[in-house]
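Protein chains: 2
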Amino acid sequence: MIKTVLVGLVCGAVALTLGVLIGHFGITNNSSSAPSWINDIGKDVDENIVEKFLSEVDRLNIEENLRELTKVPHLATSEGDEQTVQFMLKRWQDPESGLDKAWREEYEVYLSFPDAKNPNKVTVVSSSDTVLYTLREKEKNYTKDQEDPDIVQPYAAYSPAGQPKGKLVYANQGKPSDYELLNRTVDLRGTIAITRYGGAGRGAKAINAAPYGVIGVLVYTDPLDINDGLMSDINETYPHSWYLPPSGVERGAFGSQYGDMLTPYLAAKEETYRIPFKNVTGVPPIPIQPIGFEDAYRLICELGGEGAPTEWKGAFNCTYNFGGPGFKPESTQNDVIKNSSNVMGVIRGSVEPDRYVIYGNHRDSWVHGAIDPSSGTSVMLELSRVLGKMVKEGKWRPRRSIIFGSWGAEEFGLIGSAEYTEQYFTMLSERTIAYINVDIAVFANATLRASAMPELHIEKLTNELIRLSVQTRILVGYLSGAGSDYAPFVHYLGIASMDLSYTYDRSKTNARIYPAYHTAYDTFHYASNFIDPGFFSHQAVARTAGNVLIRLADSLVLPLNCSDYAESLEDYLNKAVDLYQEKLSSRNISMGRSLLEFKSTFNLKNETPLKVRRINDQLMLLDRAFLNPLAFPDKYAYRHVIWASSSANVGTFPGLADAFAKADSSGQTGDWEKVHHHMSMLSQAIDGAAGMLENVI
Amino acid sequence: MIKTVLVGLVCGAVALTLGVLIGHFGITNNSSSAPSWINDIGKDVDENIVEKFLSEVDRLNIEENLRELTKVPHLATSEGDEQTVQFMLKRWQDPESGLDKAWREEYEVYLSFPDAKNPNKVTVVSSSDTVLYTLREKEKNYTKDQEDPDIVQPYAAYSPAGQPKGKLVYANQGKPSDYELLNRTVDLRGTIAITRYGGAGRGAKAINAAPYGVIGVLVYTDPLDINDGLMSDINETYPHSWYLPPSGVERGAFGSQYGDMLTPYLAAKEETYRIPFKNVTGVPPIPIQPIGFEDAYRLICELGGEGAPTEWKGAFNCTYNFGGPGFKPESTQNDVIKNSSNVMGVIRGSVEPDRYVIYGNHRDSWVHGAIDPSSGTSVMLELSRVLGKMVKEGKWRPRRSIIFGSWGAEEFGLIGSAEYTEQYFTMLSERTIAYINVDIAVFANATLRASAMPELHIEKLTNELIRLSVQTRILVGYLSGAGSDYAPFVHYLGIASMDLSYTYDRSKTNARIYPAYHTAYDTFHYASNFIDPGFFSHQAVARTAGNVLIRLADSLVLPLNCSDYAESLEDYLNKAVDLYQEKLSSRNISMGRSLLEFKSTFNLKNETPLKVRRINDQLMLLDRAFLNPLAFPDKYAYRHVIWASSSANVGTFPGLADAFAKADSSGQTGDWEKVHHHMSMLSQAIDGAAGMLENVI
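Chains as they are written, first to last, in our numbering: chain C, 1 to 697; chain W, 1 to 697.
What follows is the structure, given as structure tokens:
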């Protein structure tokens, strides 16, 4: 049933073809009577251009970009966001920039904000409603940055407003198993649960709680998970180190789908039909509020009841118990439809303008967003400056078009990029070679990480980095989940994508993520002092991203490595056979294994530009064949049968793994039928992808 | 909200570009040092080749093909069907044929047949179950053809087996309104309804009946609708004329979706998951059986009860009353999964082998199927013979690949073509220029009819025909519905398609269709005596189809006329504004009208082969942008928002028309929301299509 493919031969032949093509075009190039375009049409990557790019990327420019971008908070659709729109437009529309055009794309999207005049409050009250203790409403000031009146109060976007009041209980990470365990000891009906970040998605902590009768949820970051246990702002945490101060709070979107929630599969334009909010799924059904660990410490250490299990324990120097006193969070936040902008810039391709290489990052932040996302935007601006300069000076123009996207409202669920893919669905599907995402450019300055679909695990990239001595250690992994704007390109459009960043040395810290993430401490001061002093890692990311971009835009034959894809599929298949074959056979669901071997029959004589294009189209479209809009009926805009996220997380085909886990647990015939059905979709997709690489007729 | 496009300018520029391109390539062609491929890459249609093709098409070959194809009945998956598979394979695999390859593609599909040993029976019985009268089980013999033991008994494919017994009532055409009217006078519970063909789909006559408690349905062809009222086989009907003999019965598939019912969106391979039959929708819930008008006459003229309305009356010389005596149809037919084959043939393209022009027809028939479908298959075989010969002689090879498809099991719901589009979805979507369908090549020999999407309303075609004096009258219309194998190409894949045939002079006959349609009288004798003596019309269809095929395969710039598309959309828009704007405005659904005018900015200097390809891709992919898999949630595999079938049938956007009609009738808010939702999908699709024609960046 499941088939996989060995495409090594066809892939190997591409490199050989490349050599012959260059030679062939090279000869005609010397003839004065050949058509004038023949010079350009057969051109490959010019290594001198790559060198020039690499040498011109300047870390000090990146530093200046970051300083400029982080002057004020720039929450999506705020005045500060508009300032960054203007800044990007000014840079890209400058006639000296070398970009061919730049413009703004607007969408009217569904967002969620607290009411600044009537902020969310959390208080501890006595049984007679006397306020015993009020939690902080904003973070403590350490630098002038935290004094800015435009800083948004810590909140959970898309949490419903409400005033639940109830007994407080500690529910660990808010996973289904946590509530289940807790509920054995404590009657959860009418309680407020305090949970820590990690283990479950943000909104899931409330979604998992509601079935037990929990009426409100708090979430905080335990020092164990972010600060390696450090708790003091006297000399342990920021501004003395990169660690999170006790009052710091991670904000976030608490919805679980991506894109504008009210306009699924449609660009959110003024007159677009919007589904009623009651039909939106994946949002918290009960109020949830994030708080700092300073307050969480006071709450948790006061809790009575039975002691929680060891693995629930964080870094507080007290017992973590299950339940305690009266308690009242109050949320007044509003949901509104607001105008959010993407800023787009283009360098038009010379030979194949109808083939796009897209490079993007979001622009909006929760507060000043120095790391998330302005580190990436600073890199993008420097990269586009250097490329544009080469165009402006007449030294270079890419073979294919390069599109830059500065997305809006990513923090609310990848909204800007998702709306863009919905609006330009066919055009992007048909013409896009690859999408490169650099969101948080530098999490930490230890290791360069490239997460990508297998065909983008470009060897050249690694070699280049070693040669440049930028970094000898590079992590190359698959791109999964929906953590940044690559998601709509991967899952909805099926476009080969890569996410690039500098990241941690995991042997040196247990921090879930860089500690100032989504707090008021993610500032230029923080970034330049504690994340990447000197901006060397930022520069390395810019160089790497630019190198990838130039090679994708200029290579005569696309540097997409389909034999790596075949290997990945084989790994998945072997894993699936190991895990599932026995049980499936016993239910008469066959899992026959047929390895197709593709013969390379490229005729290497008389190559034409249309033959190169044909091979490139085969490579470009490979991932499109893995799409099936019906493969994940319960997951919005997930269509890629190989890279969809999976709860089973066992390193094989995600939909099969999830369907099998469900059937194996329920034992119901209908669920086993769904396994069979998904296997048929998977098999057809893999056959289809293999077919795209075979001889075209 | 709804936007339409004026693309006249961009389209006009294509012709101009073409001229310049030819000139340009022409010049380089004279240079000996230019690359060798440059000669081919810039070549346009060679009019000498067109002429040669037209002159070599021979009507006598078509006649011989037809004679061979109709020797025995070739019901899908029968022994006779296999003989036609072998015949096609032999012709196309012959090394002398000039085709590059030909092969069989098999699917295991869900079909429905009567049990030959235990045939369906319809009897009139007394209240004590004494048989008073037994209806014919097969058609009367006039030629040896009707003696063939392999002729399938008249039946309704996908009707459930059963033995309903009840009072007979006459229900006109079995439309919802017919049962509604009848039910006012007669209690329909427990009755058998006799209906005539026309007005409602085959299966709909039973689907519409069931809610009233009707337990079985008969369907016959009234002489008024097929024979212009003539009833006698003494000298009025076949074998004396083309009219249907009294015992002739139209067989048919009574399902309403297309493709294999058990494997929606998946190719029906051996191990493919099959949905349980109970989940299949659109099939008759109660037994239904087709009968001849000889028997229908006896039944209807015996009916008592009130007289039926005038418009219910057919050609029988008796009163058509509502209801009468006891009655018992008995159906024992079985549903089975059987192996059905497509036969495929290919002429590989020389310059752009990865661009496909597909030409197809089904091969299976109900009985001998001389007209339906063998007239089309005979044309296809002659056309492929002449094209293959030119290839074999080294005189020609098409620029793009030509694929021939001889589809299986069309009569059961376009199964072979639908499975093919499901199996090769991405490949066909990405590479197919156009699909040309010739099913019934000649309905009658009065007028050539080309039904096509607007971009295939090729002016050249008409001019060519006039020049050839083949026919000065030509009907050009839109391609709608799902009457033949173009449906999966149009609705599921969004590929520009054309259906070609010779047809009636409507001023000369009222026949619903040619009278022997789906009966045992659709034989070579019938075709050669009464439909197209001399096979001149067959020859004209072969010439026309070949002309279209060569131009699509060889034109440097595709002869797809996007300005006609723009006009069609404008007509639709104007109609929609007329019909709906007022009511929609009153419900705050805006229908703003923005006509986008595309500027042509083609740079006509320094054209390159990749620029030609770019323009061609824009044209090829135009229709793909109109697809939305969510636009018709209730219609299987309908995704094209412009050409889907519509019950409202008012000459505007089909989904909008149907949604509006439903909302206007129900008045429910949810239905008005669906109108708005569909308008947003429509608007996004039209914008997307317009975007595909704009400058690529």
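Virtual Cβ for every residue (Gly too), placed ideally from N, Cα, C.
- For L428/W and T421/W, the gap between their C-alpha atoms comes out near 7 Å.
- Taking a Cβ-Cβ cut-off of 7 Å, the neighbours of A625/W in chain C comprise T426, given in sequence order.
- When Cβ-Cβ separations below 8 Å define contact, H677/C makes contact with chain W.
- Listed in chain order, the non-local C-beta contacts of D564/C below 8 Å within the same chain comprise P454, E455, H457, local neighbours out to five positions each way being set aside.
- Note on E79/C: under 16 other CB atoms within 10 angstroms of its CB, so exposed under the neighbour-count rule.
- Bridge partners of V169/C according to DSSP: A193/C, G323/C.
- DSSP places H457/W in the coil class of the three-state scheme, outside both helix and strand.
- Spatial neighbours of V476/C in its own chain (CB-CB distance under 6 Å, excluding positions within 5 residues in sequence) are listed in chain order as A450, H457.
- Here DSSP, grouped into helix, strand and coil, assigns H525/W to helix.
- Put simply, the CB of E352/C is near chain W, with a gap under 8 Å to one of its CB atoms.
- When Cβ-Cβ separations below 8 Å define contact, A34/W makes contact with chain C.
- Under the 8 Å criterion on CB atoms, G688/W is classed as interfacial with respect to chain C.
- Chain-order list of chain C residues neighbouring R614/W: E352, P353, D354, by C-beta distance under 8 Å.
- Closer than 8 Å to the CB of R104/W there is not a single CB belonging to chain C.
- With a threshold of 16 other beta carbon atoms within 10 Å, N588/W falls short and is exposed.
- Within chain W, no C-beta atom comes less than 8 Å from the C-beta of P398/C; the nearest is roughly 11 Å away.
- Here H368/C carries a coil assignment [DSSP, helix/strand/coil].
- Between Q173/C and the set R196/C, G360/C, P154/C, D335/C, the nearest pair of CA atoms involves R196/C.
- Using beta-carbon distances, T432/W does not count as an interface residue toward chain C, since no partner is under 8 Å.
- In this structure, the alpha-carbon of D505/W lies about 29 Å from that of K140/W.
- Close partners of L168/W in chain C (Cβ separation under 9 Å) are lacking, with about 42 Å as the shortest Cβ gap.
- Under the DSSP assignment, K101/W falls in the beta strand (DSSP E) whose first and last residues are 101-113.
- When D148/W, G166/W, K167/W, G203/W are compared, the shortest CA-CA separation from K175/W is found for G203/W.
- In the three-state scheme derived from DSSP, where H, G and I count as helix and E and B as strand, K583/C is classed as helix.
- Among the bridge pairs identified by DSSP, V131/C is matched with V125/C.
- Contact annotation: the region 329-345 of chain W touches the region 108-116 of chain W, with at least three C-beta pairs closer than 8 Å.
- Between the alpha carbons of S585/C and S680/C lies a distance of about 15 Å.
- Put simply, the CB of R348/C is near chain W, with a gap under 8 Å to one of its CB atoms.
- Ranked by Cα distance from P211/C, the first of P223/C, L218/C, E180/C, A296/C is E180/C.
- Across the region 618-650 of chain W, CB contacts with chain C closer than 7 Å involve L621, R624, A625, P629, L630, in sequence order along the chain.
- In the DSSP annotation of this structure, the continuous segment of the beta strand (DSSP E) that includes P353/C starts and ends at 352-362.
- Membership of G546/C in the alpha helix (DSSP H) is indicated by the continuous run 536-554.
- Note that the C-beta distance between I513/C and V45/C is not below 8 Å.
- Judged by their CB atoms, Y638/W and H491/W are nearer to each other than the 8 Å cut-off.
- The alpha-carbon of S507/C is positioned some 42 Å away from that of G688/C.
- Contact annotation: S375/C and L66/C have beta-carbon atoms nearer than 8 Å.
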